[in-house]
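A quick write-up on the structure given underneath.
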Amino acid sequence: MNKPDLTVDLAGLVLKNPVMPASGCFGYGREYAQYYALETLGAVVVKATTLEPWLGNATPRVTEVRGGMLNAIGLANPGLQKVVQEELVWLSTQNVPIIVNVAGRTEDEYCQVSEAIANCELAHAVELNVSCPNVKCGGISFGVDPHVLQDLVQMVKRVCALPLFVKLSPNVTSIGDMAQAAEQGGADGISLINTLIGMEINIHRRKPVLANGIGGLSGPGIKPVAVRMVYQAAKVVSIPIIGMGGIFTGADAIEFMMAGATAVMVGTANFTDPYACPTIIDQIKEFMVDNAITSLAEIRGCVL
Amino acid sequence: MNKPDLTVDLAGLVLKNPVMPASGCFGYGREYAQYYALETLGAVVVKATTLEPWLGNATPRVTEVRGGMLNAIGLANPGLQKVVQEELVWLSTQNVPIIVNVAGRTEDEYCQVSEAIANCELAHAVELNVSCPNVKCGGISFGVDPHVLQDLVQMVKRVCALPLFVKLSPNVTSIGDMAQAAEQGGADGISLINTLIGMEINIHRRKPVLANGIGGLSGPGIKPVAVRMVYQAAKVVSIPIIGMGGIFTGADAIEFMMAGATAVMVGTANFTDPYACPTIIDQIKEFMVDNAITSLAEIRGCVL
Amino acid sequence: MRVNVAKITNLSADIWELVLNGPFPYDSIQAGQFVNIRIGENYDHILRRPISIAAVDRIKQRMTIVLRAVGAGTKWLSERRVGDSLDVLGPLGHGFPIQSTAGAVLIVGGGIGVPPLYLLAKELQPIVGQLDILLGFRDQQDCFWLDKFAPLGNVTIATEDGSVGKKGYVTEAIVAEPYYEKKWQYLYSCGPTSMLRAIKELFVETQVKGYVSLEERMACGVGACYGCVCSSENKQAAKRICKEGPVFDWREVTL
Amino acid sequence: MRVNVAKITNLSADIWELVLNGPFPYDSIQAGQFVNIRIGENYDHILRRPISIAAVDRIKQRMTIVLRAVGAGTKWLSERRVGDSLDVLGPLGHGFPIQSTAGAVLIVGGGIGVPPLYLLAKELQPIVGQLDILLGFRDQQDCFWLDKFAPLGNVTIATEDGSVGKKGYVTEAIVAEPYYEKKWQYLYSCGPTSMLRAIKELFVETQVKGYVSLEERMACGVGACYGCVCSSENKQAAKRICKEGPVFDWREVTL
Ligand SMILES: Cc1cc2nc3c(=O)[nH]c(=O)nc-3n(C[C@H](O)[C@H](O)[C@H](O)COP(=O)(O)OP(=O)(O)OC[C@H]3O[C@@H](n4cnc5c(N)ncnc54)[C@H](O)[C@@H]3O)c2cc1C
Ligand SMILES: Cc1cc2nc3c(=O)[nH]c(=O)nc-3n(C[C@H](O)[C@H](O)[C@H](O)COP(=O)(O)OP(=O)(O)OC[C@H]3O[C@@H](n4cnc5c(N)ncnc54)[C@H](O)[C@@H]3O)c2cc1C
Ligand SMILES: Cc1cc2nc3c(=O)[nH]c(=O)nc-3n(C[C@H](O)[C@H](O)[C@H](O)COP(=O)(O)O)c2cc1C
Ligand SMILES: Cc1cc2nc3c(=O)[nH]c(=O)nc-3n(C[C@H](O)[C@H](O)[C@H](O)COP(=O)(O)O)c2cc1C
Ligand code: FES
Ligand code: FES
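Protein chains in written order, with the working numbering: chain A, 1079 to 1382; chain B, 1079 to 1382; chain C, 7 to 261; chain D, 7 to 261.
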């Protein structure tokens, strides 16, 4: 048999394999570069970047729960300027496509950051994190109302020439509606899912474990919800989907692709095992060989 | 110290302790009666009951996933008449309050079943399962639109004299809105959460594991989402809340009560251990003794 | 209930025999009943795994199960050591009725459906005398317990590749028997649903009475969740395999 | 990296000492660095647990950790047997700078913060000679490694109930020393944040230089998730305890 072909095409961005670290779980790549060459990856997705530096939430910011973890980092990041100058400049020497996750409090902030990322010519795509609170709408997230989302995507698309992926929040009644809104707004692809909102209480201290009270649930326990949402989104949009949520093995990644994902992102698994991404790439390859799959297109969306 | 007082008052229905099996996870009680006396429980909550018998979905209907399980039973049940005659008549001899979970395809079906349950004088409360597809609204669940929900609750309340608990679906953007809609509709309490919608794919067969494709996710992995939703609902309603989702230990139950629940339900844990409910009751008692808590009211909603 | 692993034996590549002792109502076990076993002590596996009881020693108060390590749960079971304790529920379900059995009996087992038929054969043999026992396996590697079945009757083996006994499926071995439609009065079977279905087709036009043991994914294992139903031929309400089964009159269930 | 448990000793009710050998860059370990240990092999615990390196034997190529079993992860670690392998990442973070240390040194440890100070003391002692070592524990039950510290300096013990050494908190033992504000040039400390905060208050007006080791819940342990930050006094961007720490100049961080 021929060598299996792991390349995937994400709206014109061709990746040598479908596996990327998920935003916020891989810093800017430096920390994991000591474990393996970043060029092993399909792409590197960096932490959320905002216009100004964000300090993030008080600690504790993370806690393990059964089936996963909760985080309330609060999108802490050093701000656009430092991200570009100190991180992207370095990362661009690593011979791997770069996707910059962008967050903001207003549509204008999203536009400014996305435009600057496109103009700096160091990144290959932008991923909009629309789970942030929208200050104009009383703090309700951009990612829960289809109209708000479509407008946001449209505005960003106008100023950002890079492929634009919209990262959807799973905390909605209809993920299909949100996916369609992103597509209609002009998104080149969608990525999902961001974290489910959860909470853990320390019953001895009688208060939430996280300083922020609520936090984002990620890890193995959310995979069934994530696979279902990829499946539902894939039924209603024709732009490529990047699936994530609890991917820990190659088999998990294959499951998302069968549900309709073109590529996948790996978040929490990096914490359990810093070699998670390269291991998953190897396992996908192995599965393809064992099952005589020559290209991932053969299985993509096969359950739809 | 005095003996801890585990009684709770659910809208006038006084339970000797706050622990009940969750609907659908305990049949009609008969199967677990061989393991312990049902009167040990705060109440018994029976499987969803519909006007006519429902056959349910094709098999496989259940599968284990990391952090929990998926089910697509499809509310299989022998229908109102048999439930009353064959199950409630027996259960009413067990010296334990009975809560009947009611489901339907139309508002009229919900009303007929709830009214009949009230009139049969064997049950002590009705729990409306509003996660069922509403045939009039193209199969969208009653439990995802606040207006549809409020109307349903209002109509049922009019014909059903028993305390009425509305069991909310977690697959919504704002659980607070749904909780308020139930309260405004006249609900005497709300229970939450029902299962999250999930999916698992068998990558070797290239099809979903469950015959139904998607199913309901329950078990330890959903607890953080459930605790968060109880917390959010408790902030906006004043009727009592019954919390559930991944409760496996007394500590889990305490966590829900601290988030605002008056009582709790235990679902999937019964499958892992048939003695789950009595064990949880003992553990709650122990926690109260260890922490000098004389009444559960002392901790209820303490993180709100 | 907590029982202990008294012995664990690897019978073939992925098949394991576990002898369990410790407090358990051994005396009440019927052939065809199963135990539902907890996997691990933590929350990694919240559903128990149903495994048939394959043999009982009522004097020594112990029982035997045989399992194929196919996934995480059975793999965990295959890694137990002597002295480890297991949390089991059982005996569960309804076993094979044997009271009214009379006349020539055919027992057909396939793969990992074979073990409970050993207990059945041991209990039937004193009642009906010589049994015709037909066991199907994938290949030689896959065979087990042939020596244990040998004294209980007329044993025929069929393997898909012919490496042991006849080549082909068990149904081919059945039709190879002259007058097979009239040869037996009773039929007992356990194995993959495809096999049970093929057997049902062979005998549906005959007078042969009998029972099949079914499998389905289970959650509670005690009849409380309605996860494990099968449908009955008369379109009555679905039957729970864990509670009304796993053994059913083979004419009553849709396969 | 996979290391093996060479020895496991129960030091007191809930405190365990594990000697680990097998491939690990022992030679590069600095006092104050930690390892991040995977708990179990399945998905029940997806976050590693950070544990300080308490001792290294660079000749025998092994290291020692000491842990208190407080929750599921540390309990699991305390249940390891000799020969079991552990998946560890490390050495992680930045340890205690010792190059420029000169003058009288005070080392203050509290509870489970004591172990990394043993490695520190062993490395500092040849450089600066006699050390003043002050260790605080809850009670006699809670004390460990006193004999190991004894040869390294002038050791004072404080227990909350006075069952060993002085009664009270370590800070009380410090202020009991005449001219404590001027007694030492360097301070090294590790223990509960409340203790570090109290010590900082004692010395904030003095010229004493030094370092504290901080703790925070971690996810990645390598600097990638920004889960474990502490804030710095100059209101600059938060510092990651796992990467820029766990050891910080005590004047730079807000406690
Ligand atoms: C009444 C009954 C008796 C059985 N007796 C035996 C026996 O004696 N020996 C033996 O080896 N096997 C027997 N099985 C099958 C055995 O239960 C499954 O092989 C086992 O549950 C697989 O679990 P796993 O974790 O290894 O596999 P996984 O595939 O990881 O299991 C995932 C989930 O699917 C369920 N599942 C997967 N396959 C089956 C199946 N075939 N039947 C039921 N549930 C399944 C598991 O219980 C689990 O919930 C029996 C099944 C039933 C219903
Ligand atoms: C740099 C560093 C060095 C440490 N060195 C040691 C040591 O040498 N010996 C020792 O016994 N302990 C040490 N700790 C504390 C140790 O990491 C925690 O006690 C341990 O993680 C608790 O895990 P658990 O599963 O037993 O408890 P659980 O309470 O069940 O843990 C739940 C979650 O909270 C986290 N967590 C809970 N308490 C702490 C804590 N105090 N610090 C960090 N995370 C926590 C856990 O990692 C886990 O993610 C150190 C912590 C840090 C940050
Ligand atoms: C610690 C942490 C930080 C995260 N930060 C971001 C972020 O900055 N931007 C974003 O879009 N998603 C962020 N996420 C969400 C992940 O990218 C991912 O969507 C989610 O964790 C689900 O995948 P997983 O289960 O593989 O972790 C973060 C997740 C974690 C656990
Ligand atoms: C097998 C199964 C059947 C269920 N059937 C019902 C039902 O009939 N009516 C209902 O309201 N909820 C039903 N549920 C949902 C549970 O009552 C409960 O809300 C959910 O499982 C979360 O709790 P848990 O994590 O403790 O299981 C069912 C859940 C399971 C697992
Ligand atoms: S497994 Fe629950 S009814 Fe059979
Ligand atoms: S634990 Fe991730 S940055 Fe420190």
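Every residue gets a Cβ at the ideal spot worked out from N, C-alpha and C, and that includes glycine.
Counting along the chain, where does the alpha helix (DSSP H) carrying I43 (chain C) start and finish? Run containing I43 (chain C): none in the alpha helix (DSSP H); it sits in the beta strand (DSSP E), F40 to I43.
Where does T177 (chain C) fall in DSSP's three states? helix
With 7 Å as the C-beta to C-beta threshold (strictly closer), list the residues of the region 1129 to 1143 of chain B near chain C in chain order. P1131, L1133, G1134, T1137, P1138, R1139, V1140, T1141 and E1142
Taking buried to mean at least 16 other C-beta atoms within 10 Å of its own C-beta, is K1081 (chain B) buried or exposed? exposed
Which one of A:I1275, A:E1199 and A:V1174 has the shortest CA to CA distance from V1162 (chain A)? A:E1199
Cα-Cα, which of B:G1107, B:N1135 and B:L1274 is closest to L1169 (chain B)? B:G1107
With a cut-off of 8 Å on the beta carbons, I'd call K249 (chain C) and C236 (chain C) a contact; round off their distance for me. So it is not a contact: roughly 11 Å between Cβ atoms.
Three-way DSSP call (helix, strand, coil) for A1203 (chain B) in this model: strand
Own chain partners of I104 (chain C) with C-beta closer than 7 Å, once the 5 adjacent residues on each side are dropped: E129, L130 and I133
Determine whether the beta carbon atoms of V1344 (chain B) and M1098 (chain B) lie at a separation below 9 Å. yes
For G109 (chain D), count the other beta carbons within 10 Å of its own beta carbon; 16 or more makes it buried, fewer makes it exposed. Which is it? exposed
Please list, in chain order, all residues of the same chain as N1290 (chain A) whose beta carbon is under 6 Å from its beta carbon, the five residues on each side excluded. N1135 and A1150
What in chain G is Cβ-close to M224 (chain C), meaning under 9 Å? Absent from the structure is chain G; the protein chains it does hold are A, B, C and D.
Output yes if chain C places a C-beta closer than 9 Å to the C-beta of G46 (chain D); else output no. yes
Below 8 Å on the Cβ atoms is my guess for V1140 (chain B) versus L1153 (chain B); work out the distance and round it to an integer in Å. Actually they do not touch by this definition, with Cβ atoms about 14 Å apart.
Just checking: is the beta-carbon of F1365 (chain B) within a distance shorter than 9 Å of some beta-carbon in chain A? yes
Beta-carbon separation (whole angstroms), G251 (chain D) vs H100 (chain D), contact threshold 8 Å: 6 Å
Residues, ordered as in the chain, of the region 1367 to 1382 of chain B that lie near chain A by beta-carbon distance below 9 Å: N1369, I1377, C1380 and V1381
Please report how far the alpha carbon of A75 (chain C) lies from the alpha carbon of E1142 (chain B), in whole angstroms. 17 Å
Can you list, in chain order, the residues of its chain whose CB lies under 8 Å from that of T199 (chain C), leaving out five sequence neighbours each side? L220, E221 and L261
Could you check if Y1110 (chain A) is buried or exposed, using at least 16 other CB atoms within 10 Å of its CB as the buried criterion? buried
Between the region 1207 to 1218 of chain B and the region 1226 to 1245 of chain B, can you find at least three pairs of beta-carbon atoms closer than 8 Å? yes
Taking only heavy atoms of ligand 6 into account, decide whether any of them is closer than 8 Å to the Cβ of R246 (chain D). yes
Sorry if obvious, but does the Cβ on V228 (chain D) come closer than 8 Å to a heavy atom of ligand 6? yes
Where R246 (chain D) falls: helix, strand or coil (DSSP): strand
Within a Cβ cutoff of 6 Å, which residues of the same chain sit near C1189 (chain B), ignoring the five residues on either side of it in sequence? M1233, V1234 and V1237
Do the CB positions of A127 (chain D) and G142 (chain D) come within less than 9 Å of each other? no
May I ask whether a heavy atom of ligand 3 can be found less than 8 Å away from the beta carbon of S1192 (chain A)? no
Taking only the alpha-carbon atoms, compute the straight-line gap between M1256 (chain B) and Y1309 (chain A) and give it to the nearest angstrom. 26 Å
On the premise that A243 (chain C) lies in contact with P1318 (chain B), defined as a C-beta separation below 8 Å, what is that separation, rounded to the nearest angstrom? That pair is no contact at about 35 Å.
At the level of alpha carbons, what is the spacing between I1218 (chain A) and S1252 (chain B)? 10 Å
Pick helix, strand or coil for M1336 (chain A), following the three-state DSSP scheme. helix
Rounded to whole angstroms, what is the Cα-Cα separation between D93 (chain D) and G227 (chain D)? 14 Å
Since D1271 (chain B) and G1221 (chain B) should fall inside the 8 Å C-beta cutoff, what is the C-beta to C-beta distance between them, to a whole number of angstroms? One detail in the question is off: residue 1271 (chain B) reads as Ile in this sequence, not Asp. Not quite, the Cβ-Cβ distance comes to about 10 Å (not below 8 Å), so this is no contact.
Starting from the Cα of Q1262 (chain B), find the closest Cα among B:L1374, B:H1282, B:H1225 and B:K1245 and give me that residue. B:H1225
Which class does R1284 (chain B) belong to by DSSP, given the choice of helix, strand or coil? coil
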